[in-house]
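Below is one structure; the comments refer to it alone.
Residue numbers (UniProt numbering): 1 to 1254.
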């Protein structure tokens, strides 16, 4: 359809959650009806290779469907089977249906009116049953969401301007909010437009969802009880009220019903149910309530900065706003937009009106946070300290604050409680690092009533970070390992993204995971590809290291108080894989004691496009500058000194100089650094004392936990500044010669050396390069002849070729040129004498020849002479071959002669044409190797059918029984061939299933004997049989009572020849050919019954086993040739092992049994003397060829893989040598899959690894 496709990644899952395909393309389609007057419909669809749906399964008549005859059907040929091209989901169906439904008789399909025409739904009414198919598509965004959240933690929140919609939402709040007499806030919902509201019918959607919820409540008692308790409390607290009769009816335009459902949330040591009201629910194609509301600007503070502020206080306190959204009232005029359907205790339907801000509205977070900020501003005069906490230390409904003493903490706690009470809010889940702070609070509002409830095994979650209040330290929780044994890209990224480290305290550990993620993208792994090779090994090492992260402990308090001076020090470093920055807070008291604590760090992986180390060091410095700027603002003016350190002298020189001196890349980043930290001092730190080195290269958990350099910075940082590293002179960092750029031209005189010609792979590139160089030389000699960038002329290219020719001739024909320069003739024995060569005016050696009087151009009458095997000659032949449009060697030679006379050129043309990749692809000649030696199964005497080859022939059409009108069915012939005697056993099978094969194998073993080895091709049927046989024998080994010892001792070993290699099984292929030949001549076009065919194949088997293995000898008494029949009948399937007798023993004196055994031995001796020696010769592939090697490029000459007339191109990844170390089978990897094929199916391309070429 030539639609523009977009990249996407959507795994398609089936029953059991198994991913059977990953869709990587999506398109936007516009669907229009075949009938006029309908509006087009735009949908976004996923692109699959094939849906595999055929509807209906069989053609049906429509004459009896009278109710459909006068309708404009969307598909007039709905009764004819056809492939489904587009599969529309239920959401699209809901948009296209219209009013109108046409029904017929019972069992007949119905017709539904739609934008595309009338749709026919239901059964055909013909009474013919057909199998049903369904496709369920599930888009798994969980890993994508987690991964985006993981990377978002590594980015800095840039201050941005509010959009027009956000400004409108803010103005709407300022104009419409109010407070009740009790101090609670009343807000209006920020509608985009008063006229834009959801369509009618929301109550029907709410009822349908309620029925589903009720079903879940009835099936899950715990869920049902929690749900009813939640809704009861919701009504009891006055957060919703029943709809009264005088209220607006349910179909009023300004009434909207919200569906609701329950979700379990993990609370402290328990879980609780939260009911979510879905304001994104739609009615048909109309907008949802959320689409009619402004979402408002984001007001929440940076989570990591709140934790940094929290660490500055000696006493830490945390609290949670109880039911924050539900403490804010919604204006009565907007309450009807928040109706729900519920039930009373008797189970009757009842409508309610939500009175508060509802969790589920897109504007709810904005309204809640905006009310908190408004409360802080309104009550700032009365409660200044508490208002400061609300403005700067709250994140949504969590408040983390502190004080420098217990007395101050209690006072601030009381003030905060009063402030929140003034706005109608209450605080609960109180927790503190000092138990005395909470002594005055009731037990029910504390997070854990008893202090002993705090333990390292059950830490508190503070903004997602685990905190142990009893020891006042942070810790990490080890992510749960994957439940599956196979580690895929999806599973690994899910584990990495769940690791929460907002301040980068363990960034040296996580940077290893980030680099690993980047390498997965470089290897182009799909979401569900299993990790392998080096990536799998690195992942296992990372997981082993990650398991010990729970042992890391980080003190919450940074050791600060109002009397100490605070210094902020940052370190930056980069490696080829990543770069990062780490910040430390240094607190120094009046006595000069300095305490150093890790504050935060940030890391990033290096760009995929390779950058120089100095540039990466500069990027690390910019990352550090942004980190220090954020942390400096967090400390609210308490930082007295800011120092930034790097171990790169180059980046330090860039930062300390004016940005205008540098190129754009450097100048932009230096300008940003100087703008972010105008008062900071940059210094040089030795690499061994740079803690950012750990963040740029990554370390394991054990090394990180014991690294004093990481947790406390360099040792000299806790000492006076006089002991810090000596800094280089700033004047020496930037030399005068770097102030500007200078253009330099370097000339070098080179002796005549023709090796430079070998650097070129095309004659045109060689000639153009030389022509440009000659033109540049002309420009240096006045007057200037032409511009160096103007197009080249034909004469310049000809002169360049003559220049190269003279260089080559001087290297190979120096003696001949010296003789001709003296005016003498070459000797008669000279290799060039037949050409009558001469030197032209420029000293070029040319052919004299006999064509002086012809009208050919001078260059063709007297072509340039080139030596045999020179690279310039190869370039000439290569260009001639392309000019001849890849013609044969004769045509190529004719074109090459127009340019130069190459000694031995015809043979060289033939050789180069054979090495042409394009010609090799077009010829596509398969590789070959010396025919291998026969396997031991063919040349060693053994019990008949002990080593058996197996193949199938057919299909043959058979009748179920005699008589007219009987339907024919397919049958197949299973051919068993003895590998040593060439004896044949034939069995009829009904189909190609594994069960039929096993049945044939059981019949064969019962009539002949159970084989020890079976050889067959690589068909799926045989693979399945092999798997079932192995399962049977494993069962036999476990239960000895069911299978006797004799059966277990005859375990069958199954061998498969390589795929698409029938010549590896030539023995059974010949037997199949012979059996089919007999059947074709005898049966012809007649249809036989199964009984008749069984009788016939028994006779065919007798004929095949009567064929002589060797011709008759010249002896008079030799009247019978050796046949497979002699070798089979002399050794029964259940005969005991027989002793052998020497041939000279008189058989007349032997017993009857010994005489039979002796006759059998004579047959086997004749087999060894007469038949075995006939296998000595090789009928083809008689010469040894070079082995294919790993890395060779080949074409796979397999008709099943032919696409668009082209053989697939692949590279050999593995070879499988035979017993003689010759390669006859190889594994080839193509762009789509990996195949194992014999070399007779491979065509090697003449591509060799060489040095760099132009």
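Where a beta carbon is used, it is the ideal one built from N, C-alpha and C, also for glycine.
Just so you know, the alpha carbons of residue 797 and residue 821 end up roughly 26 Å apart. Here the alpha carbons of residue 258 and residue 281 stand approximately 7 Å from one another. Membership of residue 1056 in the beta strand (DSSP E) is indicated by the continuous run 1053-1056. For residue 203, the enclosing alpha helix (DSSP H) begins and ends at 202-219. Within its own chain, the residues whose Cβ lies closer than 6 Å to the Cβ of residue 277, once the five positions on either side in sequence are excluded, are 258, 260, 358, 360, listed in chain order.
In this structure, residue 886 places its C-beta atom within 9 Å of the C-beta atom of residue 918.
Contiguous alpha helix (DSSP H) elements confined to the stretch 261-306 do not occur, taking only those with 4 or more residues. Around the beta carbon of residue 232, fewer than 16 other beta carbons sit within 10 angstroms, so the residue counts as exposed.
Secondary structure at residue 567: strand, using DSSP grouped into helix, strand and coil. If you check the CB distance, residue 595 and residue 549 do not come in under 9 Å. With respect to residue 949, residue 1054 sits apart: the two C-beta atoms are not nearer than 9 Å. Across the structure, residue 641 and residue 255 are spaced so that their CA atoms are roughly 60 Å apart. A Cβ-Cβ separation of about 6 Å places residue 1210 in contact with residue 1196 under the 8 Å criterion.
Residue environment: residue 1232 is assigned as exposed (fewer than 16 neighbouring CB atoms within 10 Å of its CB, all protein chains considered).
Proximity to residue 898 across 624, 814, 881 peaks at 881, based on C-alpha coordinates. Taking all protein chains in view, the Cβ of residue 81 is surrounded by fewer than 16 other Cβ atoms within 10 Å, so the residue is classified as exposed. Taking 8 Å as the upper bound for CB-CB distance, residue 295 and residue 363 are in contact here, some 6 Å apart.
Residue 521 sits exposed, since fewer than 16 C-beta atoms from the chains shown fall within 10 Å of its C-beta. The three-state secondary structure of residue 694, taken from DSSP, is helix. Within the same chain, and ignoring the five residues on either side of residue 766 in sequence, the residues whose Cβ sits closer than 6 Å to its Cβ are 760. Between residue 562 and residue 404, the beta carbon gap of about 6 Å places them in contact (Cβ cut-off 8 Å). The alpha helix (DSSP H) runs lying completely inside the stretch 582-668 and spanning 4 residues or more are 613-634, 649-655, given in chain order. Around the beta carbon of residue 874, 16 or more other beta carbons lie within 10 angstroms, which makes this residue buried. By DSSP's assignment, residue 22 forms a beta bridge with 11. For residue 1244, the enclosing beta strand (DSSP E) begins and ends at 1242-1244. Restricting attention to 166, 416, 974, the CA atom closest to the CA of residue 190 is found in 166. With 16 or more other Cβ atoms from the protein chains shown falling within 10 Å of its own Cβ, residue 117 counts as buried. Judged by their CB atoms, residue 938 and residue 1011 are not nearer to each other than the 9 Å cut-off. In terms of CA proximity to residue 494, 528 leads the group 523, 352, 528. In the pairwise beta carbon analysis, the stretch 676-691 is classified as touching the stretch 570-590: at least three pairs are separated by under 8 Å. Per DSSP, residue 1220 lies in no alpha helix (DSSP H) segment and is marked neither H nor E. Following the DSSP letters along the chain, one finds residue 392 in no beta strand (DSSP E) but inside the alpha helix (DSSP H) bounded by residues 384-392. In the same chain as residue 1057, and ignoring 5 residues on each side of it, the C-beta atoms closer than 8 Å to its own belong to 1015, 1016, 1017, 1018, 1064, 1065, in chain order.
Non-local C-beta neighbours of residue 1069 in its own chain, meaning closer than 6 Å and more than five positions away in sequence, comprise 1062, ordered along the chain. The DSSP-derived three-state label of residue 988 is strand. A straight-line Cα-Cα distance of about 19 Å links residue 1002 and residue 1095.
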